[in-house]
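Student: Under our numbering, the sequence shown has 435 at position 83, and the numbering climbs by one with no breaks.
Where is the CB? At the ideal position from N, CA and C, for every residue including glycine.
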Amino acid sequence: MRNRANDEQPTTPLPEEDETTLLPSVPSEPRLKPKDTSTWLVVLAGRSVGRMFRLEAGEVTLGRSSTCDVVLDDEGVSREHARFRIASKGPHELLDLDSRNGTFVEDVRLSGSVVVRDGDRIRLGPGTILKLGLADELEQQVLVQLYNAATRDGLTGLFNKRYLLEQIEQETAWHRRHEEPMSLILLDLDAFKRVNTTCGHLVGDEVLQELARRLTRGSRTEDTAARFGGEEFAIILRNTPAAPAAALAERLRVAVASTPFEVTGRSLTVTASFGVATLSGAGLRGAELLTLADQRLREAKARGRNRVVAESGAR
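#1: Would you tell me roughly how many angstroms separate the C-alpha atoms of Ile-481 and Arg-406, rounded to the nearest one?
#2: Quick one: residues in its chain with C-beta nearer than 8 Å to the C-beta of Ala-662, no 5 flanking neighbours on either side, listed in chain order?
#3: Buried or exposed for Pro-533, going by 16 or more other Cβ atoms inside 10 Å?
#4: Within the chosen definition, does the stretch 426-433 reach the stretch 444-457 through at least 3 CB pairs nearer than 8 Å?
#5: How far does the alpha helix (DSSP H) with His-530 in it reach, from first residue to last?
#6: Which same chain residues, not among the five before or five after Ser-400, have their C-beta less than 6 Å away from its C-beta?
#7: Check the DSSP bridge columns for Val-628 and list the partner residues they point to.
#8: So for Arg-565, helix, strand or coil by DSSP?
#9: Are the stretch 566-579 and the stretch 603-616 touching by the rule of at least three beta carbon pairs closer than 8 Å?
#10: Using a Cβ-Cβ cutoff of less than 6 Å, which residues in the same chain neighbour Leu-539 once the five nearest sequence positions on both sides are dropped?
#11: For Asp-421, does the three-state DSSP call read helix, strand or coil?
#12: Taking the C-alpha atoms as reference points, what is the distance between Leu-541 and Thr-413?
#13: Applying the criterion that 16 or more other CB atoms from any shown protein chain within 10 Å of the CB defines a buried residue, is Glu-558 buried or exposed?
#14: Suppose you measure from the CA of Asp-470 to the CA of Val-394; what does that come to, to the nearest Å?
#15: Going by alpha carbons, who is nearest to Leu-476 out of Gly-464, Val-466 and Thr-455?
#16: Looking only at its own chain, which residues have a Cβ that is under 6 Å from the Cβ of Ala-645, when we skip the five neighbours before and after it?
#17: With 16 other CB atoms within 10 Å as the buried threshold, where does Asp-459 fall?
#18: Under 6 Å Cβ to Cβ from Asn-548, same chain only, skipping five residues before and after it: list those, please.
#19: Return the first residue and the last residue of the beta strand (DSSP E) that Asp-671 is part of.
#20: Please go through the stretch 570-658 and give each complete alpha helix (DSSP H) segment of 4 or more residues, from N-terminal end onward.
#21: Taking Cβ to Cβ, would you say Leu-668 is nearer than 8 Å to Leu-560?
#22: Identify whether Thr-455 lies in helix, strand or coil by the three-state DSSP scheme.
#23: Decide if His-433 is buried, meaning its Cβ has at least 16 other Cβ atoms within 10 Å, or exposed.
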């Protein structure tokens, strides 16, 4: 039964309180120190698209020459194209070095030096576009992560298919115009489905990661190694005629087959088949070069696997 005495008991009103008594006491936050920022160049368009360069205080030279501080391998860029004067606290200056195709800031061609600011777009020649920006340590990490996410294969760390296809088109166009040889290697692991079936997909992933490491060790710095899809990989070989390309493919074949893959307590013997295609002068276009390399890869499979199929002469 309900207690009526309790119902009839008068309530005591709460004392009036101003807003300050209702809020908890919070110590004031210390003033934030200025961020430690660095000046960066990000390549938005051109053969080096996606690359990022940190600019240290002082003079920084941009150009196609290997002696430049920022090397941009694009035919529209002069050997020594432009020079930054980077101040520790800004502002920065940009000077054109009498380049053949000009230096542009926000689409205005330089006739001398000009002050450049955070966010400015800089174009060297017809095709290389850069963006100048400030970034602190956290932002730098984000930029790197975004670049890797867009261009790298998440499992192997090699370049991904999208990046590979773009590079093949750019590289073949450049080599055709300059009538320089270029080669493409396609390779595919033999009977890889058997590894996944008998050992599991996690072991299969380890095999792919170890293969990527062997391809990286066996390739030159200037070559582009990528995962084309599944257990298929590709390597773009700059300025490389047919015979050296075939020789490299054979060395990689031996590197895969000669040493067992040690994965999760297992020792697996793995082999791969290789197809090599080469353009010389005004020969094949990017898609045609890729198709030819794929045809030779399938021919290597048909001949019994664990072999290289390549032409002895340039095409």
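Tutor: Let's see:
#1: Roughly 16 Å separates the two Cα atoms.
#2: The answer, listed in chain order, is Ala-594, Ala-597, Ala-598, Ala-601, Phe-626, Gly-627, Val-628, Ala-629, Thr-630 and Arg-648.
#3: buried
#4: yes
#5: Taken as a continuous stretch (DSSP letters only), the alpha helix (DSSP H) holding His-530 covers 513-530.
#6: Leu-424
#7: As a beta-bridge residue in DSSP terms, Val-628 pairs with Ile-537 and Ala-662.
#8: helix
#9: yes
#10: Phe-585, Ala-624 and Phe-626
#11: Coil, per DSSP.
#12: 44 Å
#13: Buried, since its Cβ has 16 or more Cβ neighbours within 10 Å.
#14: 12 Å
#15: Thr-455
#16: A distance below 6 Å between beta-carbons, with the five flanking residues on each side excluded, links Ala-645 to the following residues of its chain, in chain order: Leu-536, Leu-538, Gly-627 and Ala-629.
#17: exposed
#18: Gly-556
#19: Given that the chain is displayed from residue 353 to residue 667, the structure contains no residue 671 and the question cannot be resolved.
#20: 594-609 and 638-654
#21: Any property of residue 668 remains undetermined from this structure, which presents the chain solely from 353 to 667.
#22: strand
#23: Buried.
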